[in-house]
């Protein structure tokens, strides 16, 4: 299918959810390229709209206000078709969000172990929820809290010991079967 055929076909959006460091943005860009879709990173879109980084939004307005911005974006801040949407790590957690995401399109959750997530994210000061004394413990705790909502959103794809190309191909196949 050509890029133009994809644009004209109004295929459902694909929402990538999962914990930070699981590869949502990297895989999302690759999948968008393969399908000829537009790639949208929810965090980047919110930063642009608000004129503040995610770290600044958390510091100035708090996590609850940030989650509201995420919900508003999913409800009405992007096209309804032909997009690969990389969601923030906590976007699917608030009550009602897994259901909303599934109403809007196809949902795939990228998954990794706490240790793999830590290795991928350590030293990254732009991750506000990891600016703590023991980031690995924080990752374990948050992942345990979020796991039920991640499982409720859709199909889980492990990114442990798999390269970007393999994960991207798996996501493309899932999308093609589900759409």
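Numbering (my numbering), first residue to last: 264 to 442.
Virtual Cβ for every residue (Gly too), placed ideally from N, Cα, C.
It should be emphasised that the depicted structure is a prediction, and the values quoted were computed from it without experimental measurement.
Beta-bridge partners of residue i, as assigned by DSSP
| i | result |
| --- | --- |
| residue 276 | 368 |
| residue 418 | 371 |
| residue 346 | 301 |
Residue from the options whose Cα sits closest to the Cα of residue i
| i | options | result |
| --- | --- | --- |
| residue 381 | 340, 282, 355, 274 | 282 |
| residue 346 | 427, 297, 422 | 297 |
| residue 321 | 340, 351, 293 | 351 |
| residue 359 | 276, 389, 330, 430 | 330 |
| residue 371 | 299, 306, 431, 301 | 431 |
| residue 416 | 374, 292, 318 | 374 |
| residue 301 | 317, 408, 278 | 278 |
Cβ-Cβ distance between residue i and residue j below 8 Å
| i | j | result |
| --- | --- | --- |
| residue 311 | residue 337 | no |
| residue 294 | residue 440 | no |
| residue 364 | residue 280 | yes |
| residue 405 | residue 419 | no |
| residue 388 | residue 288 | no |
| residue 315 | residue 323 | yes |
| residue 412 | residue 355 | yes |
| residue 409 | residue 353 | yes |
Outcome for residue i when other beta-carbon atoms lying within 10 angstroms are tallied against a minimum of 16
| i | result |
| --- | --- |
| residue 273 | exposed |
| residue 427 | exposed |
| residue 304 | buried |
| residue 276 | buried |
| residue 361 | buried |
Inter-residue spacing [alpha-carbon to alpha-carbon] between residue i and residue j
| i | j | result |
| --- | --- | --- |
| residue 326 | residue 309 | 13 Å |
| residue 286 | residue 422 | 7 Å |
| residue 424 | residue 398 | 21 Å |
| residue 437 | residue 340 | 25 Å |
| residue 306 | residue 318 | 11 Å |
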